[in-house]
Amino acid sequence: MTLHQQRCDQVAPQRWRNGAGFTRELLAWPMAADWQLRISVADIDADAPFSAFPGVERWFAVLEGAGVVLQLPEGRRVVDGDSPPLHFAGEAAPGCMLIDGPTAT
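The sequence shown begins at 1199 in my numbering and counts up one residue at a time.
Written out as structure tokens, the structure is:
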């Protein structure tokens, strides 16, 4: 196995599954088309729902920006740069509202 450093600014953005935003896929294992583990960085520029990923455990953290408010089945969660990573079920597909401008996650 060979490891390669992957930089966000060197990865072309891909449209989200629901068409509402863009992500940069840094790792998809074992293959991009049929991944079991995926690490990506998303640019959230507008309020939009997440794409549904049934059966996937999602982890979400804010890297830049003021953060977001997610509407999860168990209630609203504010996630900002000081928040620990948030774990939720991929089928939840929460609504996402920006707190104060674009946010990278």
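We put the beta carbon where it would ideally sit given N, CA and C, even for glycine. Predicted, not measured: the structure shown is a model, and the values here were computed from it.
(request) Closer than 7 Å by C-beta to V1209: which residues in its own chain qualify, once you throw out the five before and the five after it? Chain order, please. (result) R1222, E1223 and L1224
(request) Using alpha carbons as the reference points, say which of A1259, P1271, V1266 and V1276 lies closest to L1296. (result) V1266
(message) According to DSSP, is D1241 part of a helix, a strand, or is it coil?
(response) strand
(message) What would DSSP say about G1288, mapped onto helix, strand or coil?
(response) helix
(request) Kindly indicate which three-state DSSP category Q1203 falls into: helix, strand or coil? (result) coil
(message) Given this structure, state the Cα-to-Cα distance separating F1286 from D1298, to the nearest angstrom.
(response) 23 Å
(message) In the DSSP output, what is F1258 paired with across the bridge?
(response) L1284
(message) The beta strand (DSSP E) that contains G1293, what's its start and end?
(response) G1293 to L1296
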